[in-house]
Structure formats: C-alpha cells, structure tokens
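Using numbering that gives the first Met the number 0, the letters of the sequence shown correspond one by one to residues 0 to 458.
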Amino acid sequence: MIDVLNPANGQTVGQAPAMSVSEVNAAIDRTCAAFPAWSRQLAKARSDLLRRWFERIRDDKAAFAELIVKENGKCLSEAYAEVDYGLGFIEWYAEEAKRVYGDTIPSHAADSAITVVKEPVGPTAAITPWNFPFMMITRKIATALAAGCTMIIKPAEETPLTAYKLLEAAREVGIPEGVFEMVTGDPKAIGARFTSDTRIRKLSFTGSTAVGRLLASASGQTLTRMTLELGGNAPFIVFDDADLEAALEGAVGAKLRNSGQVCISPNRFYVHDAIHDRFIEALAERVSRVEVGDGMRDDFVVGPMINRAGFDKVASLVDEARAHGARIVLGGQAHAAGGLFYEPTIVSGLDDDAEMARTEIFGPVFAVYRFDTEDEVIARANATEYGLVAYAYTRDLGRSLRLSRALEAGMVILNSGSVGTASVPFGGIKQSGYGREGSYYGIEEYVDVKYVLMSGLGR
Ligand code: NAP
C-alpha cells in the first residue's frame with residue numbers, strides 16, 4: 000500500500016494500493032474491453048451519465064473539499080473552488096457529448112457525396128499531478144467519456160484518495176467498470192505500460208516537462224497520441240499605466256493560490272521602472288497580512304509545500320538569489336509553523352541570470368524584476384523555454400493587442416490573474432507541451448476525423 004500523508008502535519012490520511020503489474024494489466028484490459036460498447040452508446044446516454052456524476056459530486060462537495068485539504072494541503076476555500084472548477088468540466092462535457100458534429104464537403108464529382116465524421120480515438124490513459132487532485136482528473140476523463148472513449152487514470156501518489164473517491168462516485172451513478180479505471184503504484188512501470196500498449200490510443204499527461212519528455216519519447220514507438228500539459232515559467236508584467244490595485248490583487252491571488260504550486264503561477268514579475276518601488280512596497284504590505292497554516296479552516300491561508308523535495312527546492316532557489324545579491328523584501332525562510340511551511344516571500348533586485356528566473360519556483364515566492372520599455376519586457380518575457388501562460392496589466396488598448404500577439408504562450412491573460420474555466424482552451428506551447436483541455440477544442444483531442452466518400456450515386 001501507498002501511505003498518503005497530510006503535508007500540513009505529516010499524519011497519515013489513508014492508503015492507496017500499490018498495484019502489481021498483473022493488476023495494472025487487468026485494468027488496462029478492462030479499459031480496452033469496455034470501449035466498443037461505450038463508444039456505441041447514444042451520445043445522450045453518455046451525457047446523462049456524466050450529468051448524474053456531476054450531481055452526485057455536487058451533493059457531496061464538502062467531503063471532497065475536506066479530503067483535498069488533507070492530502071494536498073491547500074486551504075478549504077481553495078479546495079471548494081477546485082471542486083467547483085473541476086465540476087465545471089463534467090457539466091460542460093456532459094453537454095458537449097451531444098455536440099460532436101461532423102461536416103459535409105461539396106464533392107469534386109457529380110455522383111458522389113463527401114462527409115466527415117468524428118469518431119472516438121479508442122481506449123485512452125491519463126497521468127495526473129498532485130496540485131489539483133480533483134480537477135486534473137475530471138478535466139481529462141469528462142472529455143474522454145463525452146467523446147466516447149474509455150479512460151484509465153494514474154493519479155499522483157501524494158493525492159490518490161480524491162481520485163478514488165471520484166471513481167467511487169462514478170460507480171455509484173452507473174459509470175461502468177472499464178469505462179473509467181484507476182491504477183496506482185510504480186509510476187515508471189505504469190507509464191511504460193500505457194505507452195507500449197498499442198490498444199491505448201491516446202495518453203493525456205499533466206506534470207513536469209522532464210516526465211512529459213520521457214512519455215512522449217516512449218509514445219513515439221507506438222505512435223500514441225498525446226496531450227502534454229507541462230511546466231511553466233509565467234511572466235506577469237505590470238506597466239506604468241496599469242490599474243495598480245487590480246495588478247496587486249491579481250498578483251497575490253495568482254501567486255499564493257495553492258501556495259504557488261501551480262503550473263500557471265506567475266514566476267517572474269516584471270514591473271515598470273516608474274512604479275517598481277511603489278509596487279513592491281504595496282505588495283509587501285498585502286503579503287505580510289496573509290496567514291500561513293493548516294488549511295482546514297474558513298479563511299484563506301497559505302498551506303505547506305507538498306513534500307520535502309518541494310520545500311527544499313523553494314528554499315534553495317531563495318538562498319541562491321540571496322547569495323547573488325538579491326534583496327529579500329519579505330520572508331525568505333522556513334515558516335515558524337515548521338514542517339513543510341515556507342514563508343510567503345518577496346525577492347527583488349534580481350537579474351535574468353538568477354536561477355529562479357529560469358526555473359519553475361513552485362512555491363510562495365514573488366520574484367520581482369525591473370523593466371523599462373515594452374520591447375525589452377516582451378523579449379525578456381519570451382526568453383524562456385516554456386510557454387504556458389503570460390499575464391500583463393496595462394490600460395492601453397493598442398498595447399494589449401500588441402502583447403497578445405507578441406507573448407509566446409498558449410494563454411495570454413490581460414488585466415486579470417485568473418485563467419481557468421471549463422469553457423476555454425487550456426494549454427501551452429514550446430516546452431510547456433501541446434494539446435488543449437477544456438472548451439470545444441478539448442474534445443478534438445479525443446476524436447479521429449474520418450472522411451467518407453460515397454460515390455456511384457447516379458447523377
Ligand atoms: P511529475 O513528477 O511529472 O508527476 C506527475 C505525474 O507523473 C504523477 O502522477 C507521477 O507519479 C507521474 N510520474 C512520475 N514519474 C513518471 C514516469 N517516469 N513515468 C510515468 N509517470 C511518472 O510532476 P509533479 O511534480 O507531480 O507536478 C508538478 C509539475 O506539473 C510542474 O512542473 C507543473 O508545472 C506541472 N503541471 C502542469 C500543468 C499544466 O496544465 N500545464 C498543471 C499542473 C501541473 P507519482 O506521483 O506516483 O510519482
């Protein structure tokens with residue numbers, strides 16, 4: 000068994016099975032065996048089942064939210080927000096299941112007709128991370144099931160309990176065995192099974208770029224389709240014409256969500272020279288009021304890092320910045336609460352060579368850089384191998400348009416720190432991966448396009 004620990008206090012929350020190879024193989028067999036019947040179901044029937052799953056979870060939100068707090072460490076209000084966000088995908092794709100439309104194309108020959116239909120790709124697999132134990136699962140499986148695919152999921156070992164609870168709720172409403180399967184255990188072995196089995200026609204992975212590359216490379220042998228939602232290094236640009244209050248609110252909200260352990264967390268704050276000092280002062284004032292602690296309470300708190308490795312990474316990035324002469328404006332050390340808690344931290348005076356300018360911090364650290372001109376900041380924002388999201392605050396409409404075109408990212412967010420909802424295409428470019436989740440674009444990842452020519456029709 001795998002022990003699941005509460006990162007806020009180290010106590011055991013529960014256990015998940017460390018499955019043997021034969022158990023994993025049996026689950027893959029069930030996923031494949033269930034595909035023909037599931038894909039032939041009426042779209043309306045699939046939609047109804049997803050809707051029932053949505054309602055079953057909605058009626059039990061508190062239990063899901065509390066479990067998320069216990070195994071992930073985020074605070075209760077954020078856990079509820081995650082459940083709402085994740086439920087949004089089930090609701091959205093319950094609707095979208097009925098709208099997987101095809102096309103007709105004017106034919107090149109008089110006695111023929113051309114149609115294009117979209118068919119589910121087949122049995123699919125997914126591997127998910129720990130930072131959104133609920134939403135990462137629903138975002139993938141609701142899309143797959145809506146398209147007519149079956150799916151087997153391997154959740155992160157830090158947060159498998161929410162995943163199993165989702166599975167339990169799915170079974171209760173009648174989502175059959177095989178249509179939705181779950182496996183836990185050795186990630187390498189499971190990843191290798193997913194990528195080597197030619198019956199698995201698609202793998203959706205969310206996690207680090209390093210693991211994404213390994214899986215993509217293994218999938219090359221079987222030509223398994225992939226969606227890769229990988230790491231980020233998001234710039235957050237504040238121009239001197241920005242609404243400063245809005246920018247501060249967006250910065251704090253986006254950065255401290257899930258204690259900074261979010262792929263779309265702003266990693267580099269570029270603040271215009273003219274407002275840099277004022278911004279830092281106001282940011283420090285706001286961040287110093289934020290509390291840190293166990294998330295199982297009503298108000299917003301910054302929770303712990305997920306594990307010791309995550310904590311050590313944050314601490315060493317801050318130490319590296321300090322050693323290179325950066326100014327620690329706030330925090331900069333382990334929090335007095337001990338364990339895996341790190342103080343919300345603001346670092347300024349950095350240059351673009353700092354390790355934290357190139358690395359995903361994944362912690363509650365605001366790294367602030369100065370800039371002077373628009374061209375300069377665009378070049379610096381783009382000087383990263385990642386391309387998931389870019390944020391900018393400006394009240395200049397022309398500049399907004401220029402930024403939306405020039406910033407190299409799958410998502411450009413102007414004058415807001417909030418990105419996700421079920422109706423938009425979420426995903427990155429460059430080393431942040433490829434493919435999109437959410438919206439009607441998301442379902443395209445789970446269908447094959449089939450062209451049908453009917454000829455010999457007479458005149
Ligand atoms: P990770 O180490 O890549 O783990 C993610 C998942 O991959 C886990 O289920 C893990 O299993 C599994 N895994 C690990 N090694 C594997 C292997 N060799 N073969 C197959 N599977 C393997 O990432 P993480 O540290 O949990 O998550 C943080 C990263 O995810 C960050 O880089 C973040 O930016 C990225 N992320 C991206 C998005 C996005 O949408 N773009 C969203 C959230 C997070 P175990 O848990 O069992 O080790």
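All C-beta atoms in this analysis are idealised placements derived from N, C-alpha and C, irrespective of residue type, glycine included.
For a test of your reading of the model: does the CB of residue i fall under 7 Å from any non-hydrogen atom of the ligand MG? Yes or no.
i           : result
residue 265 : With respect to the ligand MG, the structure shown offers nothing to examine, as its ligands consist of the ligand NAP.
The beta strand (DSSP E) that contains residue i, what's its start and end?
i           : result
residue 269 : 265-271
residue 226 : 224-228
residue 203 : 201-205
residue 179 : 179-181
residue 117 : 112-119
residue 160 : Counting along the chain, residue 160 falls outside any beta strand (DSSP E), though it belongs to the alpha helix (DSSP H) covering 159-171.
residue 477 : Nothing in the structure corresponds to residue 477, since the chain is present only between 0 and 458.
residue 425 : It is not in any beta strand (DSSP E) - residue 425 carries neither H nor E in the DSSP assignment.
residue 124 : 123-126
residue 13  : 11-15
residue 153 : 150-153
residue 233 : 233-237
Specify, as a first and last residue, the run of the alpha helix (DSSP H) that residue i falls within.
i           : result
residue 35  : 20-39
residue 276 : 275-287
residue 215 : 208-218
residue 186 : 186-195
residue 146 : 134-146
residue 43  : 42-57
residue 63  : 60-71
residue 89  : 75-95
Ignore the nearest five residues each way along the sequence and tell me which others in residue i's own chain have a CB closer than 7 Å to its CB.
i           : result
residue 211 : 204, 227, 229 and 432
residue 456 : 110, 111 and 112
residue 207 : 229 and 230
residue 26  : 151, 180 and 182
residue 43  : 97
residue 380 : 234, 236, 269, 389 and 406
residue 317 : 331, 344, 346 and 364
residue 283 : 328, 329 and 345
Leaving out the 5 sequence neighbours to the left and right, which residues in its chain are closer than 6 Å to residue i when beta-carbon positions are compared?
i           : result
residue 252 : 416
residue 87  : 421
residue 444 : 226 and 434
residue 161 : 66, 67, 132 and 133
residue 413 : 391 and 399
Return yes when the C-beta of residue i is under 7 Å from any heavy atom of the ligand NAP, and no when it is not.
i           : result
residue 81  : no
residue 205 : yes
residue 359 : yes
residue 93  : no
residue 154 : yes
residue 195 : no
residue 262 : yes
residue 130 : yes
residue 151 : no
residue 174 : no
residue 186 : yes
residue 431 : yes
residue 85  : no
residue 364 : no
residue 157 : yes
residue 27  : no
residue 136 : no
Suppose the cutoff is 8 Å on Cβ atoms and the five residues either side in sequence are ignored; what does the same chain contact list for residue i look like?
i           : result
residue 1   : 14, 15, 16, 17, 156, 159, 183 and 184
residue 19  : 184
residue 24  : 192
residue 75  : 64, 65, 68, 294, 295, 296 and 297
residue 277 : 243
Which word fits residue i, buried or exposed, when buried means at least 16 other C-beta atoms lie within 10 angstroms of its C-beta?
i           : result
residue 153 : buried
residue 135 : buried
residue 260 : buried
residue 360 : buried
residue 454 : exposed
residue 21  : exposed
residue 115 : exposed
residue 273 : exposed
residue 82  : buried
residue 448 : exposed
residue 467 : An answer regarding residue 467 cannot be provided, because it is not within the stretch 0 to 458 covered by the chain.
residue 70  : buried
residue 246 : buried
residue 372 : exposed
residue 104 : exposed
residue 149 : buried
residue 73  : buried
residue 94  : exposed
Task: Uninterrupted beta strand (DSSP E) stretches inside the region 298-382 (no shorter than 3 residues) - done: The qualifying runs are 326-329, 344-347 and 364-370.
Open item on the list: Please give me, in chain order, every unbroken run of the beta strand (DSSP E) with length at least 3 that falls completely inside the region 378-420.
Closed with: List check, beta strand (DSSP E) in window: 388-392 and 410-413.
Open item on the list: Going residue by residue through the region 426-451, where are the continuous alpha helix (DSSP H) segments of at least 4 residues, counting only ones entirely within it?
Closed with: For the region 426-451, the continuous alpha helix (DSSP H) assignments of 4+ residues that do not extend past its boundaries occur at 438-443, in sequence order.
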